[in-house]
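In our numbering, the protein residues as written are 1221 to 1940.
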Ligand code: ADP
Ligand code: ZN
């Protein structure tokens, strides 16, 4: 029989093969390709068009011993490839990552943690402590223990010999570990109970309903959706929870473990290959009851899937920019449709797109109006930097400094938020005016003083901080301009030499263990002043933290694309939500040069609905999303003239179609990236116009040299 196979091979479309009798669509197979054998998936008939080949010439595929790709996932692959104009094989790669094909671990392989031995060695004691903290994951393979406890597998082998990690009998009772009798959750407030009830009912009824779970930070959104997760587990099913960042999974994990008494399977890019493989097996076999992960977890087959949660659903991190540029939030909703399960978007500051789906009646809104237990929302103050500036060369204005001092006196904690890594965003030569730029990108190099290097935040290029100006050679003439968190930390040390401060950015907090350490230090009162980037903005709950200072509230408004205001509102709203989560009331200071800007006023007055209404008006008038649709097209090449020429030709070839306009080409704001010159075109379509078909047809007509790369981004978030 003839059948179509989607090969896991970059740049190859679906091909026809001879299929052994009885092999169903979705089977994972190995197909001959020239002299090689390539893995792929037998696809449903009639989905893809293939090149006609004589039946006699077809070569035969062989089934691999792996769980098949279920029908809803095959539909999802098709939809994502179609909607985002991506090669289906690239989407399939997310369903079957490399780790799916790794050989299974040898031997019985499952271990539980026994009694801990005494030890004098500090690193060893710490490692044992970390193991103890994740005790609940057993029985598990050594690789999983190693990943969970940040230990080396070799070290753990030693613990097996010493009888600390004990081989577990693999049998019925192991399944019990991931499906235990659930302890009861907290007593819910009335509004929480209503929301949880609706979600549980939707889980029980297999209803493909998207929900917006909307409530201020601290309202109990997490408690509510965990009830729905519990419902999925009680029914013997699986729940998938997406979180925006790996660093956040740790805080989430601790909370989950406390609530349920076992650990979920984790899926993110930080796992070791062995841990990834073990997680892949547990998830796709249906054994893992709960999966928490980054956006890539969205594509894993889960035979028992009953619920999808997107936590902090407004977060930019759900948008993938490289490879297949999909939006995890939207793909989650589609998957819910295909699987027949509810999808919960939980956030205090929904995207305008999400609000509009509620207004259209597609998504159902569940609102939690107040913070749990009567905790008050923090008081917000604006500091007008034009009137109340900090001293020269400093960044903390007097009113904010005073507020920090009050906290220090009361032994409460403060958070200073600045979404800029490093010491200074720009290095300038005082002698010749040279600004040190990345050789590969249109971007300044950022000074990282701790590492003594200048770094490009776009391509990763880095060099030791020079002593003399690279342009004019003048010694000691280089001056940092503007603040990053490292510079802010210097100011904090100068102002309050006795205060204990910590800088938290992706440079200092690299692993989930780092994050756990930080969270513990803050909880134990070992930190007075936290200084950090967006990494600290979300998820964490520090009861003694009563002050948040946003050092540069205008930062998010830079660039000025259509979502700048919304993004600033979301990010500042979220970081403000860190203040006063316990019994003590919180205060938030926003330092701004534009106190009259709409977003500042909305934050000041807590006028969320008015802010959204005004943003909506602007977008509606301009026909911008969600009232119109966009696709960004970037044409790039190593050679500047080739890129410009290709962009021009592409622009000229744009067909006429009703309701669709093409803007550009123009040099991209990030005119050079990783050495490639970039030009942008933007396709704008009415909501009902066939954007994808238009772009596909258009790009199919133009023949460009192979040195030119064209990327398409449907529903773009970035306009750089
Ligand atoms: P959100 O996710 O909306 O920010 P959380 O679910 O994190 O809110 O709740 C905020 C805090 O209040 C958490 O410490 C949570 O455990 C607590 N909390 C919320 N609802 C309840 C409840 N019904 N009973 C006990 N504690 C609750
Ligand atoms: Zn660069």
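Where is the CB? At the ideal position from N, CA and C, for every residue including glycine.
Exclusion of the five residues before and after residue 1617 leaves 1603, 1605, 1608, 1609, 1610 and 1811 as the residues of its chain whose Cβ lies within less than 7 Å of its Cβ. Unbroken beta strand (DSSP E) runs of no fewer than 3 residues, entirely contained in the segment 1413-1490, are found at 1430-1435, 1458-1462 and 1485-1487, following chain order.
Counting only runs of at least 3 residues, the segment 1777-1817 fully encloses the following beta strand (DSSP E) elements, listed from N- to C-terminal order: 1807-1812. Rounded to whole angstroms, the separation of the alpha carbons of residue 1625 and residue 1786 is 32 Å.
Along the segment 1686-1750, the alpha helix (DSSP H) occurs as fully enclosed runs of 4 or more residues at 1705-1715 and 1732-1743, listed in sequence order.
A distance below 8 Å between beta-carbons, with the five flanking residues on each side excluded, links residue 1336 to the following residues of its chain, in chain order: 1348, 1351, 1352 and 1384. Classified as exposed, residue 1338 has fewer than 16 neighbouring CB atoms from the shown chains inside 10 Å of its CB. Annotation: the continuous alpha helix (DSSP H) that includes residue 1626 extends over 1618-1630. According to DSSP, residue pairing for residue 1634 in a beta bridge involves 1749 and 1767. Residues 1350, 1731 and 1733 of the same chain have their beta carbon placed closer than 7 Å to that of residue 1370, with the five preceding and five following residues left out of the count.
The closest CA to that of residue 1784, considering only 1801, 1937, 1769 and 1612, is found on 1937. Shown here, residue 1224 sits in a strand according to DSSP, grouped into three states. Beta-bridge analysis with DSSP links residue 1585 to 1432. Within the chosen limit of 7 Å, ligand 2 reaches the beta carbon of residue 1681 through at least one heavy atom. Residue range 1548-1559 is occupied by the alpha helix (DSSP H) that includes residue 1555.
Each of 1485, 1458, 1491 and 1305 was checked against the Cα of residue 1423, and the nearest Cα belongs to 1458. Distance between residue 1898 and residue 1630, taken at the CA atoms: about 53 Å.
Residue 1460 is a Cβ neighbour of residue 1528, given a cutoff of 8 Å. Here residue 1228 is buried: its Cβ has 16 or more other Cβ atoms, across all protein chains shown, within 10 Å. At a cut-off of 7 Å, the beta-carbon of residue 1689 does not count as near ligand 2: no heavy atom of the ligand is closer than that.
Counting only residues of its own chain and dropping the five nearest sequence neighbours on each side, residue 1834 has a CB closer than 7 Å to the CB of 1818.
With a threshold of 16 other beta carbon atoms within 10 Å, residue 1649 meets it and is buried.
In this structure, residue 1765 keeps its C-beta atom at 8 Å or more from the C-beta atom of residue 1724.
Ligand 2 has a heavy atom closer than 7 Å to the beta-carbon of residue 1678. For residue 1755, there is no enclosing alpha helix (DSSP H), since its DSSP letter is neither H nor E. Each residue's CA atom was taken as its position, placing residue 1264 and residue 1317 some 21 Å apart. The DSSP-derived three-state label of residue 1298 is helix.
The nearest non-hydrogen atom of ligand 2 is less than 7 Å from the C-beta of residue 1663.
Considered as a whole, the segment 1836-1917 harbours 1848-1857, 1880-1893 and 1896-1906 as its complete beta strand (DSSP E) runs of no fewer than 3 residues, in chain order. Within the model, the alpha-carbon separation for residue 1667 versus residue 1236 is close to 54 Å. The segment 1542-1558 makes no contact with the segment 1468-1483; the number of CB pairs closer than 8 Å stays below 3. Between the alpha carbons of residue 1702 and residue 1672 lies a gap of roughly 17 Å. Around residue 1772, the same chain offers 1638 and 1811 as residues with beta carbons nearer than 7 Å, after the five sequence neighbours per side are excluded.
A check of alpha carbon separations from residue 1857 across 1698, 1287, 1661 and 1414 identifies 1661 as the nearest.
Scanning 1364, 1869 and 1861 for the CA closest to the CA of residue 1901 turns up 1869.
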